[in-house]
Every structure is written in C-alpha cells, then in structure tokens.
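What follows is a set of notes on a single structure, which appears directly below.
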Amino acid sequence: MKAIFLLGPTASGKTAVALALAARFPAEIVSVDSAQVYRGMDVGTAKPDARARAAAPHHLIDIIDPTDAYSAGRFRDDALRLAPGIHSRGRVPIFAGGTMLYYRALTRGLAELPRADAGIRAKLEERAAREGWPALHAELARVDPKTAARLQPTDAQRIQRALEVFEVAGEPLSRLHVAGPPDEALPFEALSIALEPGERAVLHQRIATRFHAMLEAGLLRELEGLRRRYALTAQLPSMRSVGYRQAWDTLEATQPESTLAARGIAATRQLAKRQLTWLRSMPGLERFDCLRHDLEAAVARRAEDFLSLPRGT
Numbered sequence: 006m007k008a009i010f011l012l013g014p015t016a017s018g019k020t021a022v023a024l025a026l027a028a029r030f031p032a033e034i035v036s037v038d039s040a041q042v043y044r045g046m047d048v049g050t051a052k053p054d055a056r057a058r059a060a061a062p063h064h065l066i067d068i069i070d071p072t073d074a075y076s077a078g079r080f081r082d083d084a085l086r087l088a089p090g091i092h093s094r095g096r097v098p099i100f101a102g103g104t105m106l107y108y109r110a111l112t113r114g115l116a117e118l119p120r121a122d123a124g125i126r127a128k129l130e131e132r133a134a135r136e137g138w139p140a141l142h143a144e145l146a147r148v149d150p151k152t153a154a155r156l157q158p159t160d161a162q163r164i165q166r167a168l169e170v171f172e173v174a175g176e177p178l179s180r181l182h183v184a185g186p187p188d189e190a191l192p193f194e195a196l197s198i199a200l201e202p203g204e205r206a207v208l209h210q211r212i213a214t215r216f217h218a219m220l221e222a223g224l225l226r227e228l229e230g231l232r233r234r235y236a237l238t239a240q241l242p243s244m245r246s247v248g249y250r251q252a253w254d255t256l257e258a259t260q261p262e263s264t265l266a267a268r269g270i271a272a273t274r275q276l277a278k279r280q281l282t283w284l285r286s287m288p289g290l291e292r293f294d295c296l297r298h299d300l301e302a303a304v305a306r307r308a309e310d311f312l313s314l315p316r317g318t
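Just so we're aligned: 314 in our numbering is position 309 of the sequence shown, and the numbers increase by one with no gaps anywhere.
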C-alpha cells in the first residue's frame, strides 16, 4: 500500500496540487487541516468548494460542529481507518494540509500526555483574564523554555495546555514529547512532499491576496451566522483559528473593522512561519519550491515514479 503526503504553509498551493494529482490517477484526498473539520467554517478555512469535492472524494472535512473539539490523536485514528478503505477501492490516499502536528501524530505516534483537567484550565483562564496571556507565556518560558520558544505570547490554547501539563505531570511538555513512544511505522509506504517558497515575500503576497478575498467572500457574515447558530465562545479551538479569531474581535468591537485585514494577514503570516519551522525540522521530506511555474507537473512526475505508473496516466 502507498500514500502521498502534501505538506506546506498556508497559500502554498497544496489543494491545487492534490487536485492535479487526483486528475492524473485514481486518488482520494484526506484533509490534514485542523480547521476544515468544522462544519460551516468555509470561507476562513479556504475549504475546497463543491467543484473540487466533485472532482475527487474528500475526507475529514465538515465532520464536527464548531462547538466540538478535534485532536491530533483523533486525526491519527481517523487517518489509519480511512487509508485501508481508500486502498480497497483501488485508489491512492493523498494526505494534504498544513497542520504539522497531525502529520507528526500519524507518522510518528503521540507521547502519552496527561488528560485535560477542567479545574486547572479554569484557574489558568481566570489568571489570563486578570494578567493576560503574555504573562502566562512568560511563566511558561521559566518552566518550559523549549515549548515557550515556539509559541506566540497570545497563543492562548497552547500556552494553557503546556502549563496544564506541567502542573499535572510535574514535567515540561517538551520533555514529555521527547520521552514519548518510539516512532510507529505507518502501515503503508509514503511519499512525503513539502511545498516551500523560494521567496518568502511572494508567499506573503499570496497570503495578503487570499485574506482580502476571504473578506470579500463574506468572512464576517459567515462568522455572524455561526454565532447565531451555535453557542460559540472565543475560547473554543474553532474560534481560535486564524482569521476567525480576528473576525471575532471585530464583531465584539474590541478591535476596529478597519484593522481586520491587517490583523488577519499578520496572523496568517505568523502561522506560515510556524509551519515552515515545523517543515525544516522534519526529516525525509522531498522539497519542492511552491512558486515554480511547473509545480503541479513536477510533483505529478515524482508521484507517478513513486507509484510506478506510466507518465500521464
């Protein structure tokens, strides 16, 4: 059994490449995106549209409500369940997305971490309300500098989890990750491709163009509708997604709408920076410049070689 992974930062063209591969050989696309799992969050996640989903079967899109939570462990379970079914239909699974933790969970397994503690989380949220998340980030830097170094001072969800783990386990999250189980072999052979920009400035321009397009497509209207339909809060993982977090602040009038584009673009650029940091640390990736004019054809040629297919089938 074989599978293809397409990884890359936001706006690197993963969806287009995945669809180009699916047009060349029988394939089904599995989303590796922590935001596309949510129903109704279409505009701000750049979710594949109806035409794209009609061109190839897609999985792990629109599977939970935005009031629910999804995890790397659940993704791993879902992906390992889906892959054999795709193979049984004579197709190749193409795992495409930018949530690097999901890729790591699938290819290397997960360390055993303490379960969530509602009491500790509530206390941390109370402290954050009084002191602000940058203050808690500073505390995290004292007890777990490795984890703090890869988080933004406003990354509430991850700061909260790291401090929670430290209080429950008495060990920093970074140490527990290192002490996790040995790499768990995938039940299939994988070709892992990273789409990375040769010029960061061009990727930044793509990000800006795409965020402006999201605003024109109705990101604020979409979030208004979601808030009417669901009992959403700013602390939910869905509402911490880039774009929705900034739109939420606009609707709450804590930030002016005139700054929404700039805030969203800046946050998306930070996301892309974190994604590229993950990619640089990952061994075994075949790297393609996502800005090359023949990207889809070049990746397709490599995929066809990997799958031992005649060129252009």
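Don't be surprised by glycine CBs; every beta carbon is placed ideally from N, CA and C.
Counterpart residues of residue i in DSSP-defined beta bridges
i           : result
residue 102 : 12
residue 64  : 35
residue 43  : 69
residue 7   : 194
Where residue i falls: helix, strand or coil (DSSP)
i           : result
residue 126 : helix
residue 278 : helix
residue 75  : coil
residue 52  : coil
residue 97  : strand
residue 18  : coil
residue 114 : coil
residue 121 : coil
residue 288 : coil
residue 297 : coil
residue 156 : coil
residue 259 : coil
residue 89  : helix
Cβ separation of residue i and residue j, assumed to be a contact under 8 Å, to the nearest whole Å
i           : j           : result
residue 97  : residue 312 : 6 Å
residue 256 : residue 231 : So it is not a contact: roughly 10 Å between Cβ atoms.
residue 195 : residue 284 : Going by Cβ atoms, the distance from residue 195 to residue 284 rounds to 16 Å, so no, they are not a contact pair.
residue 208 : residue 14  : 7 Å
residue 106 : residue 165 : The pair is not a contact, with the Cβ atoms about 16 Å apart (cut-off 8 Å).
residue 48  : residue 223 : 6 Å
residue 108 : residue 10  : 7 Å
residue 237 : residue 71  : 6 Å
residue 118 : residue 181 : 6 Å
Bounding residues of the beta strand (DSSP E) (the contiguous stretch that carries residue i)
i           : result
residue 294 : 291-294
Residue span of the alpha helix (DSSP H) that contains residue i, given as start and end
i           : result
residue 30  : Unbroken run through residue 30: none, as it is neither H nor E.
residue 142 : 138-148
residue 254 : 249-256
residue 161 : 161-174
residue 304 : 300-312
Item to check | alpha helix (DSSP H) segments (min. 4 residues) lying fully within the stretch 185-245 | outcome: 205-221 and 224-234
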